[in-house]
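Those letters in the sequence shown? Residues 1 to 111, by my numbering. Cβ coordinates follow ideal geometry from the N, Cα and C atoms, glycine included.
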Amino acid sequence: MLDQLDSEYAEFTTRLEAELQSLRDSHAEKVALLGRVRQQVAEAQRKPGWFALLFGKKPKTDALNPVELEKQAHALEADVAAIAARLAELQTARDARSEAFRIKRDQLLTA
1 MLDQLDSEYA EFTTRLEAEL QSLRDSHAEK VALLGRVRQQ VAEAQRKPGW
51 FALLFGKKPK TDALNPVELE KQAHALEADV AAIAARLAEL QTARDARSEA
101 FRIKRDQLLT A
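Listed below in C-alpha cells is the structure:
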C-alpha cells in the first residue's frame, strides 16, 4: 500500500512539475515579448527632436501604429496575468496535494 502511494505521488509530481515548467517557460517568453512591445510603443510615440525639426528629418515611414502596439501590449499583459494566476493555482494545488500525501503516508506508517 505504501509503495502504491509513493508511486502515485511520484507520478503526480512528475506530471505537475512538467506542466509547471511549461507554464514558467511560457510566462518568461510572454514577459520578454511584452518588454519588446512596450519598447516599440515608446519608440513609436517618441516625437522628433529639435535638430530633426531644424534639419527637416522626415519621420520614419515604417513606424508601427502606436494604437496597435498598445493593443498588443494589453493582450500580452492579460496573457501574462492569466499564466501567473494558473501558476499560482497549480503551485497551491501541488502544496495541498503534497501535504495530503504526507499525512496519508504518515498514517500508513503508524498503522
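Ranked by Cα distance from residue 95, the options 2, 20 and 73 are led by 20.
Close CB contacts of residue 84 within its chain, under the 7 Å cut and outside five residues either way in sequence, are with 27 (chain order). For residue 55, the three-state secondary structure derived from DSSP is coil. About 15 Å separates the beta carbons of residue 15 and residue 87, which is beyond the 8 Å limit, so they are not a contact pair.
In this structure residue 40 touches residue 64 by the C-beta definition: roughly 6 Å separates them, less than 8 Å. Membership of residue 35 in the alpha helix (DSSP H) is indicated by the continuous run 2-45. Nearest neighbour of residue 99 by Cα position, chosen from 1, 3 and 12, turns out to be 12. Secondary structure at residue 64: coil, using DSSP grouped into helix, strand and coil.
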